[in-house]
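**Student:** Under our numbering, the first residue of the sequence shown is numbered 1096, with each subsequent residue one higher.
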Amino acid sequence: MNSQATRHEDSGEPPAVLRHVCVLDEMGLHARPAARLAQEAQKFSADIRLVSGKQEVDAKSILDILTLAVGNGAKVAIKAVGEDAEEAIEHLERLFRNKFQED
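Here you go:
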């Protein structure tokens, strides 16, 4: 998996993290992986966004994720801002790497 992390810490602002991941699931981000992704993202207090092309959506919303229509092999960015942003990004990256299966 090709991933890149960027961490921004400005005075007084919560940590922000950006990581690029590849969708490995054969059918892309269809309903089941979208539901799993949203469910896992909801475990964190950070604001988590998925970016594909020019479209950016809330990673905690199944419907938002589905609007991306991301297929197998597509690259997306995961952005997180908040105190647990780094932990959230690592957790979600692992989810992509494992094709949305249990660890």
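We treat Cβ as the ideally placed atom computed from N, Cα and C, and that holds for glycine.
(1) Do three or more CB pairs link the region 1125 to 1133 to the region 1158 to 1177 at distances below 8 Å?
(2) My parser needs the beta strand (DSSP E) runs of 3 or more residues fully inside the region 1115 to 1186; what are they?
(3) Distance check for alanine 1183 and lysine 1138, CA to CA, integer angstroms please.
(4) Using only alpha-carbon positions, find the residue among His1186, Asn1193, Arg1192, Ala1164 that is nearest to valine 1112.
(5) Nearest to phenylalanine 1191 by CA position, among Ser1140, Gly1123, Ala1164, is which residue?
**Tutor:** Reading it off the structure:
(1) Under the 8 Å Cβ criterion, the region 1125 to 1133 counts as touching the region 1158 to 1177, having at least three qualifying pairs.
(2) Correct list: 1142 to 1147, 1150 to 1153, 1170 to 1176.
(3) 8 Å
(4) His1186
(5) Here the closest residue by C-alpha is Gly1123.
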